[in-house]
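First the structure, in the form of structure tokens, and then the observations on it.
Number of protein chains: 2
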Amino acid sequence: MTSASGARAAELTRELEASVGYVLRRAQLAVFADFIASQSGAVVRPGQFAVLLVIGMHAGLTQNQLCEALAIKRANLVAMLDEFESLGFVRRVPCSRDGRAKRLHLSTAGAKVLSQAVDAQKRHEARITAALGAIGRRQLIDLLNRLRTLPAS
Amino acid sequence: MTSASGARAAELTRELEASVGYVLRRAQLAVFADFIASQSGAVVRPGQFAVLLVIGMHAGLTQNQLCEALAIKRANLVAMLDEFESLGFVRRVPCSRDGRAKRLHLSTAGAKVLSQAVDAQKRHEARITAALGAIGRRQLIDLLNRLRTLPAS
DNA sequence: TATTGTTATACTCTATAACTATA
DNA sequence: TATAGTTATAGAGTATAACAATA
């Protein structure tokens, strides 16, 4: 145990710095902040970016498919789509084959916003590559993907 | 662009899987879920664990020092410490040298809860090491630490 | 019966402004 | 004046239960 007198911030977290969860969380916050800072004009948050990108790349997918792909709850997608629809970025189109489902499409305005966000994201990823190197970036993604399938307990 | 008909979840996120931010977030959620699942008895969330651990390892540090170390807002620490105090885990002791500050200490009960949480965290980290290997784990932490200092813009 | 989208709700995490008491 | 802790508040993110319409 260390005396608290004169303790500096870096010292206080020494034990936590060896914890994957802690370092992972701090890095994730920094990356998201950089993602936000990279935006110009209309600001799209990471979750919104993911939704717009998947709709843009897979026009006509249903809300349920989108939720399963991004691991978000159906109930939580509703408000985001309501906002995108009110901004004229996304259209919900009744599915002809299944009267319960709605297919999602980007409007021209939505495609433009997505395009700007993609440009910003490229600058953002370029800063990450500058920090890690291309090889380090690839290693990081591989290591993170291994964590996504941790045994349930 | 891919047809949405018959699209599977894994297909829909193909573009995002190359994004560090997306993979990082998904991994962070999985790691935190595993951290929670590793607990037995009293459940401590990751943020609570960090607070208890830093107090336990650096008894007598002030709330402000704790906040700077963990990058949390002073205002947001108050409720957590109120809860810990009401549970008898933490004591706030007026600082003799600075009448504004309060020094933090774990009670015996708090130390016991922390000890159990540390045991759980060791099992949690062991699962991570099993998934990544010791070398992969070290590489991951190094790569993540480089992301924590991304240029502001 | 089961599923899709929806509503309502609640809890956690985070952020800002303003207050108080001290320095 | 500046700082430490606090209060109040608001915005995101996430989770569950229940409902209507449809399968």
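Residue numbers (numbering that gives the first Met the number 0), protein chains in the order written: chain A, 0 to 152; chain B, 0 to 152.
Just so you know, even glycine gets a beta-carbon here, dropped at the ideal spot from N, CA and C.
{"Query": "If the cut-off is 8 Å on Cβ atoms, which residues from the stretch 111-141 of chain A count as contacting chain B, listed in chain order?", "Result": "Gln120, His123, Glu124, Arg126, Ile127, Ala130, Leu131, Gly135, Arg136, Gln138, Leu139 and Ile140"}
{"Query": "Tell me whether proline 45 of chain A sits in a helix, a strand or coil according to DSSP, three-state version.", "Result": "helix"}
{"Query": "Near arginine 122 of chain A, what residues of its chain come up, given a Cβ to Cβ distance below 7 Å and the 5 sequence neighbours on each side ignored?", "Result": "Ser37"}
{"Query": "Alpha carbon to alpha carbon, how far is arginine 99 of chain B from valine 92 of chain B? Give it in angstroms, no decimals.", "Result": "11 Å"}
{"Query": "Using the Cβ count rule (16 or more neighbours within 10 Å means buried), how would you classify arginine 73 of chain B?", "Result": "exposed"}
{"Query": "Please list the partners that arginine 99 of chain B has in chain A, where partner means a Cβ-to-Cβ separation under 8 Å.", "Result": "Correct list: empty, because the minimum Cβ distance to chain A is about 16 Å."}
{"Query": "Are valine 22 of chain A and isoleucine 140 of chain B closer than 8 Å when you measure CB to CB?", "Result": "yes"}
{"Query": "Kindly say whether arginine 25 of chain A, judged by its beta-carbon, lies nearer than 8 Å to any beta-carbon of chain B.", "Result": "yes"}
{"Query": "Compute the beta-carbon to beta-carbon distance between leucine 113 of chain B and leucine 51 of chain B, rounded to the nearest angstrom, for a pair I have assumed lies under 8 Å.", "Result": "5 Å"}
{"Query": "Could you name the residues of chain A that proline 150 of chain B contacts, counting a contact when the two beta carbons are closer than 7 Å?", "Result": "Arg126"}
{"Query": "Among B:Leu131, B:Arg137 and B:Leu143, which has the Cα closest to the Cα of arginine 136 of chain A?", "Result": "B:Leu143"}
{"Query": "On the premise that phenylalanine 88 of chain A lies in contact with alanine 116 of chain A, defined as a C-beta separation below 8 Å, what is that separation, rounded to the nearest angstrom?", "Result": "Not really, about 11 Å apart at Cβ, beyond 8 Å."}
{"Query": "Exposed or buried, serine 18 of chain B, counting other C-beta atoms within 10 Å across all chains shown (16 or more means buried)?", "Result": "buried"}
{"Query": "Could you tell me the distance, in whole angstroms, from the CA atom of lysine 101 of chain B to the CA atom of cysteine 94 of chain B?", "Result": "5 Å"}
{"Query": "Using a Cβ-Cβ cutoff of less than 8 Å, which residues in the same chain neighbour valine 53 of chain B once the five nearest sequence positions on both sides are dropped?", "Result": "Leu60, Leu65, Ala68 and Leu69"}
{"Query": "Check each residue of the stretch 34-57 of chain A: if its Cβ is closer than 7 Å to any Cβ of chain B, include it; give the result in chain order.", "Result": "Phe34, Ala36, Pro45, Ala49, Leu52, Val53, Met56 and His57"}
{"Query": "Less than 8 Å between CB atoms is the rule here; does serine 106 of chain B satisfy it with respect to chain A?", "Result": "no"}
{"Query": "Taking the Cβ atom as the reference point for each residue, do glutamine 27 of chain A and arginine 44 of chain B lie within a distance shorter than 8 Å?", "Result": "no"}
{"Query": "Under DSSP, the beta strand (DSSP E) around lysine 72 of chain A begins and ends at which residues?", "Result": "From DSSP, lysine 72 of chain A is part of no beta strand (DSSP E); its letter is neither H nor E."}
{"Query": "Which residues, in chain order, does the stretch 63-83 of chain B contribute to contact with chain A at a C-beta distance below 8 Å?", "Result": "Gln64, Leu65, Glu67, Ala68, Leu69 and Ala70"}
{"Query": "For leucine 60 of chain B, which three-state DSSP category applies?", "Result": "coil"}
{"Query": "Just to confirm, does glutamine 138 of chain A get its C-beta within under 7 Å of one of the non-hydrogen atoms of the ligand SAM?", "Result": "Summarising the ligand content, the structure contains no ligands, and the ligand SAM is consequently not present."}
{"Query": "For methionine 79 of chain B versus glutamine 120 of chain B, is the C-beta distance shorter than 8 Å?", "Result": "no"}
{"Query": "Suppose you measure from the CA of serine 4 of chain B to the CA of aspartate 118 of chain A; what does that come to, to the nearest Å?", "Result": "Caution is warranted here: a pLDDT of 45 is assigned to serine 4 of chain B, below 50, making its placement in the model unreliable, and no coordinate value can be reported."}
{"Query": "What's the gap between the Cα of isoleucine 71 of chain B and the Cα of valine 77 of chain A?", "Result": "30 Å"}
{"Query": "DSSP three-state call for arginine 24 of chain B: helix, strand or coil?", "Result": "helix"}
{"Query": "Taking only runs that begin and end inside the stretch 86-150 of chain B, name each unbroken beta strand (DSSP E) of 3 or more residues, in chain order.", "Result": "89-93 and 101-105"}
{"Query": "How far does the alpha helix (DSSP H) with leucine 11 of chain A in it reach, from first residue to last?", "Result": "8-11"}
{"Query": "Interface residues of chain A around serine 18 of chain B at Cβ under 8 Å?", "Result": "Gln120 and Glu124"}
{"Query": "Report the rounded CA-to-CA distance for serine 106 of chain B versus histidine 57 of chain B, giving the unit in angstroms.", "Result": "13 Å"}
{"Query": "Can you tell which of B:Lys111, B:Asp97 and B:Gln138 has its C-alpha closest to the C-alpha of leucine 86 of chain B?", "Result": "B:Lys111"}
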